[in-house]
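Peer 1: To start, I am sharing the structure in question, which I have written as C-alpha cells.
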Amino acid sequence: MARLIRTEKEVEGRYEEVWIVVEEDALEQWPDGPLRVVGRPATRADGPVRARGEATYTADLRLNGMLHTAVLRSPHAHARVARIDLAPALALPGVHAAIGPGDVDVLVAECGFEGAPVAAVCADTLAQARAAVAAIDVEFTELEPLLDPDEAVARGALLGEPRIRTRGDVERGLAEADVVCSGEFRTSPVLHNSMETHQTVVQWVGDSVDVYISTQFIWGVRESVAEKLGLPQDKVRVVCEYMGGGFGAKNSPDDQTFIAAELAKRTGRPVKCALTRREEHLAAGHRNPTIQRLTVGAKQDGTLTALVGEYVNAVGWGGWSSPVEGPMHLLYTCPNVRSTTHAAKLNSPPMKAFRAPGFVEGTFGLEALLDELASKLGIDPLELRRRNHTEQDPSDDRQFSGKNLLECYRRAEPHWERRHEVRARSTDVVKRGVGMASQIWYGGGGPPSYAWVRVGSDGRATVVTAMQDIGTGTKTAMAQIAAEELGVPLEHVTVTVGDSSRGPYASISAGSSTTPSMGPAVRAAAADARRQIEEIAEQRGDPGMPLAEVVALLEDGQILGKGARGPNPAGMQVLTFGVQVAEVAVDVETGEIWVDRVAAVHDVGRVINPLGAASQIEGGIIQGVGHTLSEERLQDPHTGRILTTSFESYRLPTIADVPEIVSELVDVPDRHLTNLGSKGLGEPPIVPTAAAIANAIRDATGADVRRLPIGREEMLRALREAEQRQHESGRREAPARV
Amino acid sequence: MPELDVNGHRYAVDAPVGTTLAEALRDELTLTGTKIACGEGQCGACTVLVDGTPVLSCITLVHSVEGATVTTIEGLRDHAMVDAFVRADALQCGFCTPGQIVSAVALVERNPSPSSEEIRHAMAGNLCRCGAYPKIEEAIRSWRD
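Chains G and W supply the protein sequences, listed in that same order.
So for the first sequence, the working numbering puts the first residue at 188; every next one is plus one.
So for the second sequence, the working numbering puts the first residue at 33; every next one is plus one.
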C-alpha cells in the first residue's frame, strides 16, 4: 500500500524535511555475511564497454547539426563589463549566435571572480567559436578584489549568518582541563578535476528539450532546467548514460547547460557547451580553503573536557558553507563543544561540494590537534580516541543506527603496531613514523528513489531506474542486489540507467548516497517481481516451481516489479565510521615527504561488492594523498588571478605517487537501515587520510604541520619550529612513544 | 589531404592544417574511444600508438603523421589488456581508461613482464582522477593470466 510520509533527508550533512510516497517496506534484511551474489566480488557490469572505448560519454556525442560553444570569461577577479559588442564575433565564418550579459542570467556583467562567464558564441566548429570569442569587443573596469578570508569576516562580507553550534559550557570545560592545546590549521583550495570536464549538449525537440549532460543528478538537472526555462518537468529529458567523474562538482546543471539551452533555442540546432581543462580550473568548483583556530582541553587521563573551533570557510563568490565543524561535534563524547563557522565571500571562484565537503578539512584540524594532545599527555593516540568514544550522537543524544568504530580500531591494531618497526628504520636524514586518524561522515542515503524490474520468459531480468553511475560501480551493485533477490545468476541481470524519460526518479549520486538510496528500491522491485512469480507458481499448483520454469510460460509476457526506497530509521543518526593508519618517510634536510603505506578500516554496513568497494577506498585515499602533499590551486594574493590552470601546475597524484594501500571493511549490516543495511562508501575513505599523514609526520619528526598541502616549505617550517621548541626547552619534545 | 592507416583501414582525412590527430580521430573518423581530457598533452587520456609508439594525439598534428600506422583503443578491443583491466577493476569512471590501456599495451609489447617499478615509470603520464592506479598496476602485472 502506498503511504505518504514526512521524513528527514540528509545530503552531505544538510538536512531537510520532505514528503515522500513509500510502499510498504516489509522485507527483512538478508542474513549477515557474503550471500550467493551480494557480498561477493563482481567485475564492473559496464567495465568492458568503458574499457573498449565504446561507452558514449557526453563528450562523445555527435548530434546532427551540432554546434560548438566557446565562452568569454572575466580575466579579472573583480571587474565590471564597461562595454561589450558582440557584432565582430557574429561577423566571423561559421558563427551562428552570440549572447552576452542579460541574454541569459548566468552571463554576467558584474564579475566576482576570474572565469565568471560574460558572453558565449556558438559556431560550426570549436575553433570558429574560439576565434569568435577572441573577436568580441569588450572592455572591463577593474575593481578592488577582496581576497583575504579574515578580512572578509572582519568586514562582514559573508555568505549567510555565522553558524554557531554549542553544547555544554566550554569555559567550564577548559577550566577543568589539566592540559590545553591550541592550533591554527589551514587548508587550501583543491580541485575536483574530473577527467571529463563539465559539459552539456542541449537539443530542442518541438516543445521539449533534451539535455545530455555529465551529471551526478539527472533528476536535479531536470527540475532546475524546467524551472529556469519555464517548462513542465516532463518536457525536459535528461540523459547521462556514462559520465567521466564528478566528485561533487556535477550536482547541478551549471552555467554551461543554460548557455547551451539559450544558444540551442536561438539557433534551432543542438548546441554543445564543454569546459576546457583551463576553464575547469577556474569555474567548475573546488573544495574551499579553510582557516581553523582550534582548542582542546583534556584531563590527565585523556578525557576531553572542551573543544572549541573558530572556523572560516573561504567560500568564494558563491556556494555554501560546508560542515567543517562537523567532526568536532560528532566524533567524540566531549561534553563541552562550541564552534563558530564564518562563510567568507571573496573574489575567488565559487566552491562546490567535494567528496565529504567540510569533513575532510575539519578532520585534518581536529585529528591533528588530538595527536598534539596525545603527545603532551603521553597517551597512545589510538588509546586517546578509544577513551573518548561515544555510543550515541554526542550533539543530540540520538542513537546511531549502527556503529562499529571500536571494531575498526581493533582491526587497525596490527597496522598501528607496525610503528615501532617503522620508526626503527629511520636514519639521521630520513625519519619514519606512523599516524592514525578516525573517520566520521554521513552516507545513509534516503528516499525518495524508485526502481522497476522486468523479467522476461528467458529468465533474464532488467533493472530500470533513471539513476547515474558516475564511475562508482553502483550499476554493478544494483545488478548484484536484483540477482540475489530474484535468485538468478548475476550475468542474467542488466541494469538500465541514465535517462529520465526511461525510468523512475532516482537519487543524487552525492553524499555517498547512491547505493544506500537505490539499493533498497532495487531489492524491493526485485522482491515484487519474485512475489508475482511465486504467485503464478502457486496457481500452477507447484509453489516450489523454479523461476526459470514459471517465466518460461510467459512467451512475450513480462513480470513487472516496482520498488521504492523506504525512510531512514526515525530518531536515529545514520553515519559511517572508520580509521586509517598512514606510514611516512620525511627527509628532514629537504622537507620531502613520502607516504609509504595507508591501511584503512571502514564501517559502512553491508558490503555489496567487495571488489568495487576496495576500488572506492583506494581512490579516496589517493585523492587524499594528493590533497595532502601536492594539490593546491594558487591565487595571486594581490590580483586574485588564478595561477594554476593546467595539470602542469596543479599536480594530481600519478601512479608513481601511490602508496601501498591495505583496506578492510567491517561488513556488518546496519540493522536499522532499510531492507539492505548498506551505507555509502564514496566519501568515507578520503576523510581521514590527510590527518593520518600529518600525524605520521609528527610521529616521524616531532614537527606539527598545520597546513595542507604539506609542501616542502610547510614541512621545513614545522621542522624549524620543532627544533626551536627543542632548543628552548632544552630537550626534544618527543612524540608519544607509546 | 593526409592519408592515415588507422586500425588497419586506410583513410584520407579531410582536415585543415592545424588539426590534431585526436580531433581527426574523434571528429572526422568518429573514433571517440580516444578521449580528450586536457587538450594540452598533460594527462595521457588521448594516447594512441603511432607506428607502435605511444603518442599524445591531442598535441600531435594530423599532418605530421601522414602515412603512419595509427592504433587506437578501437584497434585494441580484443587485446588481452582490456580484459585484464576489467578483471582487476582497473577503471572507475573509465574516461582515462582507453588511454591507460593503449599505454599499457605499448609497455607490454616491448616488455611483456614489467616490474612494479617499470609499470610506474611507463604509466606515470596517464592521469586517473578516480585513483584506479593500484588496480591498473595489478592489471598490467597479470595481463596474460
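Just so you know, even glycine gets a beta-carbon here, dropped at the ideal spot from N, CA and C.
Which runs of the alpha helix (DSSP H), 4 residues or longer, sit entirely within the segment 277 to 327 of chain G?
Peer 2: Counting whole runs of 4 or more residues, the segment 277 to 327 of chain G contains the alpha helix (DSSP H) stretches 313 to 322.
Peer 1: Using DSSP with H/G/I as helix, E/B as strand and the rest coil, what is W639/G?
Peer 2: W639/G falls in the strand class under three-state DSSP.
Peer 1: What's the C-alpha gap between V102/W and R237/G?
Peer 2: The straight-line gap from Cα to Cα measures roughly 21 Å.
Peer 1: Name the chain W residues that come within less than 9 Å of E835/G, Cβ to Cβ?
Peer 2: Those within 9 Å of E835/G in chain W are E72, Q74.
Peer 1: With three or more beta-carbon pairs closer than 8 Å as the criterion, would you say the segment 553 to 562 of chain G touches the segment 882 to 895 of chain G?
Peer 2: Yes, the segment 553 to 562 of chain G touches the segment 882 to 895 of chain G.
Peer 1: Using the C-alpha atoms, what's the distance from C298/G back to A257/G?
Peer 2: Distance between the alpha carbons of A257/G and C298/G is about 18 Å.
Peer 1: Compare the C-beta of V118/W with all C-beta atoms of chain G and state if any pair is closer than 8 Å.
Peer 2: Closer than 8 Å to some Cβ of chain G, the Cβ of V118/W qualifies, so yes.
Peer 1: Quick check: the Cα distance between V137/W and N500/G, rounded to an integer number of angstroms?
Peer 2: Going from the Cα of V137/W to the Cα of N500/G covers about 45 Å.
Peer 1: Give the interface partners of V502/G over in chain W, defined as CB-CB distance under 9 Å, in chain order.
Peer 2: In chain order: nothing, as chain W lies at least about 23 Å away.
Peer 1: Pick out whichever of F546/G, R342/G, L677/G has its Cα sitting closest to the Cα of A878/G.
Peer 2: Closest by alpha carbon: F546/G.
Peer 1: If the cut is a Cβ gap below 7 Å, which residues of chain G does P166/W touch?
Peer 2: Those within 7 Å of P166/W in chain G are E805, V845, I848.
Peer 1: Whole angstroms is fine: what's the gap from A264/G's alpha carbon to L830/G's?
Peer 2: About 12 Å.
Peer 1: Could you give the uninterrupted runs of the beta strand (DSSP E) lying entirely in the segment 753 to 838 of chain G, keeping only those of 3 residues or more?
Peer 2: Listed in chain order, they are 763 to 774, 780 to 790.
Peer 1: Does the beta-carbon of G728/G have 16 or more other beta-carbons within 10 angstroms, so that it is buried, or is it exposed?
Peer 2: It is exposed - the Cβ of G728/G has fewer than 16 other Cβ atoms within 10 Å.
Peer 1: Would G658/G and C162/W qualify as a contact pair, given that the criterion is a beta-carbon distance under 8 Å?
Peer 2: It is a contact, given that the beta carbons lie within the stated cut-off.
Peer 1: Of all the beta strand (DSSP E) runs that stay within the bounds of the segment 234 to 280 of chain G, which reach a length of 3 or more residues?
Peer 2: Qualifying beta strand (DSSP E) stretches, in chain order: 254 to 260, 266 to 272.
Peer 1: If distances are taken between C-alpha atoms only, which option among E170/W, L36/W, W175/W comes closest to E98/W?
Peer 2: E98/W has its Cα closest to that of L36/W, out of E170/W, L36/W, W175/W.
Peer 1: I'd like to know if G65/W contacts chain G, where contact means its C-beta is closer than 8 Å to some C-beta of that chain.
Peer 2: Closer than 8 Å to some Cβ of chain G, the Cβ of G65/W qualifies, so yes.
Peer 1: Tell me the rounded alpha-carbon separation between E819/G and L747/G.
Peer 2: If you take the alpha carbons of E819/G and L747/G, they lie about 50 Å apart.
Peer 1: Strictly under 8 Å for the Cβ-Cβ distance: is T129/W near chain G by that measure?
Peer 2: For T129/W, the answer is yes, since a Cβ of chain G falls inside 8 Å of its Cβ.
Peer 1: Tell me whether N438/G is buried or exposed, calling it buried when 16 or more other Cβ atoms sit within 10 Å of its Cβ.
Peer 2: Counting Cβ neighbours within 10 Å, N438/G comes out buried, since at least 16 surround it.
Peer 1: Using a Cβ cut-off of 8 Å, pull out every chain W residue sitting near G200/G, in sequence order please.
Peer 2: By Cβ distance, chain W contributes nothing, its closest Cβ being about 23 Å from G200/G, past 8 Å.
Peer 1: So, does the segment 841 to 854 of chain G touch the segment 904 to 916 of chain G, judging by three or more C-beta pairs under 8 Å?
Peer 2: Verdict: no, contact absent.
Peer 1: A666/G and V651/G - do their beta-carbons sit closer together than 8 Å?
Peer 2: Taking 8 Å as the Cβ cut-off, V651/G and A666/G do not qualify as a contacting pair.
Peer 1: DSSP three-state call for P457/G: helix, strand or coil?
Peer 2: Coil, per DSSP.
Peer 1: With C-beta atoms as the reference, is G660/G less than 8 Å away from N796/G?
Peer 2: A contact, by the Cβ cut-off of 8 Å.
Peer 1: Using the rule of at least 16 other Cβ atoms within 10 Å of the residue's Cβ for burial, across every protein chain shown, is G864/G buried or exposed?
Peer 2: G864/G should be labelled buried.
Peer 1: L378/G: buried (16+ other C-beta within 10 angstroms of its C-beta) or exposed?
Peer 2: So L378/G ends up on the buried side.
Peer 1: Going along chain W in order, which residues have a C-beta closer than 9 Å to the C-beta of Y399/G?
Peer 2: The contacting residues do not exist; Y399/G stays about 14 Å from chain W at best.
Peer 1: Give the residues from the segment 359 to 381 of chain G that approach chain W closer than 9 Å (Cβ to any Cβ), ordered along the chain.
Peer 2: Listed by position, the residues of the segment 359 to 381 of chain G near chain W (Cβ gap below 9 Å) are H379, N380, S381.
Peer 1: Report yes if the C-beta distance between L416/G and G489/G is below 8 Å; otherwise report no.
Peer 2: The answer is no: Cβ separation not under 8 Å.
Peer 1: What does DSSP give as the partner residue(s) for V388/G in the beta ladder?
Peer 2: Bridge partners of V388/G: Y399/G, K459/G.
Peer 1: Roughly how many angstroms lie between the CA atoms of P896/G and A638/G, to the nearest whole one?
Peer 2: So the alpha carbons of these two residues sit roughly 42 Å apart.
Peer 1: Could you confirm whether any beta carbon from chain W is found closer than 8 Å to the beta carbon of T245/G?
Peer 2: No, because no Cβ of chain W sits closer than 8 Å to the Cβ of T245/G.
Peer 1: Take the Cβ of I351/G as the centre, count every other Cβ of all protein chains shown within 10 Å, and call the residue buried at 16 or more, exposed below.
Peer 2: Answer is exposed; the Cβ neighbour count stays below 16.
Peer 1: Counting only Cβ pairs nearer than 7 Å, list the residues of chain W close to E760/G.
Peer 2: In the sequence under discussion, the amino acid at residue 760/G is Gln, which differs from the Glu named in the question. Result: empty, since nearest Cβ-Cβ is about 29 Å, beyond 7 Å.
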